[in-house]
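Here our numbering is used: the first residue of the sequence shown is 742, the next is one more, and so on. All C-beta atoms in this analysis are idealised placements derived from N, C-alpha and C, irrespective of residue type, glycine included. If you're wondering where the values come from, they're calculated on a predicted model, not measured in any experiment. Worksheet for the structure shown next.
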Amino acid sequence: MFEAFVGTWKLNESKNFDEYMEALGVNLAILKMGNIVKPDLIISVDKQGVVCMKSQSTFKTTEIKFKLGEQFDETTADDRHTKTVMTLENGKLIQKQTWDGKETCIEREITDGKLIVKCIMEDVVAVRTYVKA
Ligand code: ACD
Numbered sequence: 742m743f744e745a746f747v748g749t750w751k752l753n754e755s756k757n758f759d760e761y762m763e764a765l766g767v768n769l770a771i772l773k774m775g776n777i778v779k780p781d782l783i784i785s786v787d788k789q790g791v792v793c794m795k796s797q798s799t800f801k802t803t804e805i806k807f808k809l810g811e812q813f814d815e816t817t818a819d820d821r822h823t824k825t826v827m828t829l830e831n832g833k834l835i836q837k838q839t840w841d842g843k844e845t846c847i848e849r850e851i852t853d854g855k856l857i858v859k860c861i862m863e864d865v866v867a868v869r870t871y872v873k874a
């Protein structure tokens, strides 16, 4: 089931991402970059079940490695230091990040061959659509 996520994806569309970054408390300079940048998302998995998720752009590149269900330390593109856990629920890859008593959730699912990314912080939802490179 996870295999559907594997590959190289390009950002194609982004809705409400500025509001999401604002809700996270991202500073204005970074927020402006976040609005412009169109990252590639490269997802792979090795034989041991370790998933690598790399978000690559001219502005910033981040990489996380994790096993489903196992908490790890993440440093995000906007430099939050979070405790993160990834799970697969009904075909959705769910990323829960907690830091400073706050929580955000990033849900990824494949719909019509596209990778739909929903970024949720309290009542704010951003939707970003990636297509296969
Ligand atoms: C995606 C969305 C995943 C969102 C996760 C974290 C981003 C949070 C804040 C953005 C901060 C800085 C962004 C500036 C440029 C980096 C490139 C965008 C990062 C996804 O995976 O699409």
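Proximity winner among the options, relative to residue i (alpha-carbon distances)
i	options	result
residue 864	757, 782, 743 and 751	757
residue 873	862, 867, 866 and 851	851
residue 862	784, 787 and 767	767
residue 785	804, 839, 772 and 821	804
residue 867	806, 765, 796 and 794	765
Beta-carbon contacts of residue i that lie in its chain and below 6 Å, excluding the five residues immediately before and after
i	result
residue 775	762
8 Å Cβ cutoff met for residue i and residue j
i	j	result
residue 808	residue 791	yes
residue 823	residue 781	no
residue 833	residue 848	yes
residue 835	residue 828	yes
Nonlocal neighbours in the same chain, by C-beta distance under 7 Å from residue i, ignoring five residues either side
i	result
residue 752	779, 780, 869 and 871
Cutoff 8 Å; reference residue i; Cβ partners in own chain excluding five residues on either side
i	result
residue 742	829 and 832
residue 799	778
(message) Is it the case that the stretch 855 to 870 contacts the stretch 812 to 831, given that we only count it when at least three CB pairs across the two stretches are under 8 Å?
(response) no
(message) My parser needs the beta strand (DSSP E) runs of 3 or more residues fully inside the stretch 822 to 863; what are they?
(response) 822 to 830, 833 to 840, 843 to 852 and 855 to 862
(request) Just list the alpha helix (DSSP H) runs in the stretch 757 to 826, keeping only unbroken ones of 4 residues or longer that don't cross its boundaries, in chain order. (result) 758 to 765 and 769 to 777
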